[in-house]
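In terms of the working numbering, the sequence shown is residues 293 to 504. Even glycine gets a Cβ: it sits at the ideal position worked out from N, Cα and C. Report on the structure given below.
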Amino acid sequence: MMLDLFDAQQAPIQLADGAYYLKGFARPIANTLCTLLQAQLAEQPPQKMITPMGYMSVLTSSLGHVGWVSSRSGYGYVGCNPANQQAWPAIPKPLLHLASRAAQTVGYKGFVPDCCLVNVYNVGSKMGLHQDKDERDFSQPVVSISLGIPAIFLMGGTQRNDKTTKVNLAHGDVVVFGGTSRLFFHGVQTVKQANHPLLGQQRINLTFRKAM
Ligand code: MD3
Ligand code: FE
Numbered sequence: 293m294m295l296d297l298f299d300a301q302q303a304p305i306q307l308a309d310g311a312y313y314l315k316g317f318a319r320p321i322a323n324t325l326c327t328l329l330q331a332q333l334a335e336q337p338p339q340k341m342i343t344p345m346g347y348m349s350v351l352t353s354s355l356g357h358v359g360w361v362s363s364r365s366g367y368g369y370v371g372c373n374p375a376n377q378q379a380w381p382a383i384p385k386p387l388l389h390l391a392s393r394a395a396q397t398v399g400y401k402g403f404v405p406d407c408c409l410v411n412v413y414n415v416g417s418k419m420g421l422h423q424d425k426d427e428r429d430f431s432q433p434v435v436s437i438s439l440g441i442p443a444i445f446l447m448g449g450t451q452r453n454d455k456t457t458k459v460n461l462a463h464g465d466v467v468v469f470g471g472t473s474r475l476f477f478h479g480v481q482t483v484k485q486a487n488h489p490l491l492g493q494q495r496i497n498l499t500f501r502k503a504m
């Protein structure tokens with residue numbers, strides 16, 4: 293047998309029914325991704341979104357046919373960026389393929405996302421427990437790629453007060469949520485001070501969804 297030191301990929305870890313942690317799955321292209329995103333975000337600066345509950349501490353932008361936006365009166369997916377009236381930039385092919393391949397690896401065949409939500413966390417940013425329910429088809433999984441400084445992801449259950457488990461998400465880590473876990477409450481703990489060689493004191497999370 294030939295030892296393949298370069299393509300070594302850790303086995304997926306099941307977190308819950310339909311939820312899988314793919315440690316380092318995006319690592320081979322993570323640095324390229326950072327460069328691509330930094331150019332992208334310079335053109336399309338991530339925005340602080342207001343929700344009916346108040347401001348989010350995370351900054352967001354989107355790629356794809358639709359993007360996720362929020363206002364004081366509600367939130368959802370729209371075809372244009374309200375900040376500039378432009379269509380969202382396309383999801384780069386290598387990114388689309390990576391998300392699809394991650395889903396495929398844990399059993400979700402034919403995942404073709406139409407939205408890549410870009411969440412930018414600075415030190416002190418967090419995301420409270422919530423469910424992702426703005427998409428049309430909950431049989432489609434959600435794929436998350438983490439870049440930059442680490443964060444602790446909280447995964448609960450289908451009820452807001454279900455107990456949560458913590459998952460440490462580092463540069464290049466991928467998580468896929470499908471099945472029962474697709475509607476689990478989840479959030480991100482306050483991001484602690486750290487430095488990443490490419491992103492500095494920042495964490496970027498990419499969330500791929502089939503929204504429409
Ligand atoms: C579990 N983002 O944008 S990604 C979000 O790290 C969001 O920025 C977090 O939650 C972040 O909505 C977490 C992981 C994630 C995304 C979607 C899920 C976990 C999920 C949908 C269902 C269950
Ligand atoms: Fe979410």
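### Query
With which residues is residue 445 paired in a DSSP beta bridge?
459, 480
**Item:** Pick from 325, 484, 353 that is closest to residue 412, judged by C-alpha positions
**Value:** 353
How far does the beta strand (DSSP E) with residue 414 in it reach, from first residue to last? 407-414
To the nearest angstrom, how far is the alpha carbon of residue 311 from that of residue 433? 9 Å
> If you count every other CB in all the chains shown that lies within 10 Å of the CB of residue 336, and 16 or more means buried, which is it?
Replying inline: buried
inquiry  = As a quick exercise: from 375, 463, 447, pick the residue whose alpha carbon is nearest that of residue 496.
reply    = 463
Enumerated in chain order, which unbroken segments of the beta strand (DSSP E) with a length of 3 residues or greater are wholly contained in the segment 347-415? 359-363, 366-370, 407-414
- Message: Could you give the first and the last residue of the continuous beta strand (DSSP E) run that contains residue 501?
- Response: 494-501
- Task: Any chance you could list the residues with Cβ under 5 Å from a heavy atom of the ligand MD3, keeping chain order?
- Result: 411, 424, 434, 436, 469, 476, 478, 480, 497, 499
Which whole-angstrom value is the C-beta distance of residue 408 and residue 387, which I expect to be below 8 Å?
7 Å
N-terminal and C-terminal residue of the alpha helix (DSSP H) that residue 332 is part of: 319-335
For this session: Look at the alpha carbon of residue 406 and the alpha carbon of residue 455, and state the distance between them as a whole number of angstroms.
Result: 32 Å
- Can you give me the Cβ contacts of residue 358 inside the same chain, cut-off strictly under 8 Å, excluding the 5 residues immediately before and after it? 369, 370, 371, 380, 406, 407, 503, 504
For residue 309, which residues of its own chain have a beta-carbon under 8 Å away from its beta-carbon, when the five flanking residues on both sides are left out?
-> 471, 472, 473
| message | With DSSP as the reference, identify every bridge partner of residue 343, one or two as the case may be. | response | 346
Worksheet item: Can you name, in chain order, every residue of its own chain whose Cβ lies under 6 Å from the Cβ of residue 479, other than the five neighbours on each side?
Response: 419, 420, 421, 446
Please go through the same chain and pick out, in chain order, the residues whose beta-carbon is closer than 7 Å to the beta-carbon of residue 399, but skip the five residues on each side of it.
none
>> For residue 301, tell me which candidate among 466, 341, 339 has the shortest Cα-Cα distance.
In response: 466
I'd like to confirm something about residue 422: is its beta-carbon nearer than 7 Å to some heavy atom of the ligand FE, or not? yes
| message | Quick check on residue 537: buried or exposed, where buried means 16 or more other Cβ atoms within 10 Å of its Cβ? | response | What is shown of the chain runs 293 to 504, which leaves residue 537 out entirely.
**Q.** Opening and closing residue of the beta strand (DSSP E) in which residue 421 lies
**A.** 419-422
TODO: Using the Cα positions of residue 377 and residue 477, report the straight-line distance between them to the nearest angstrom.
DONE: 32 Å
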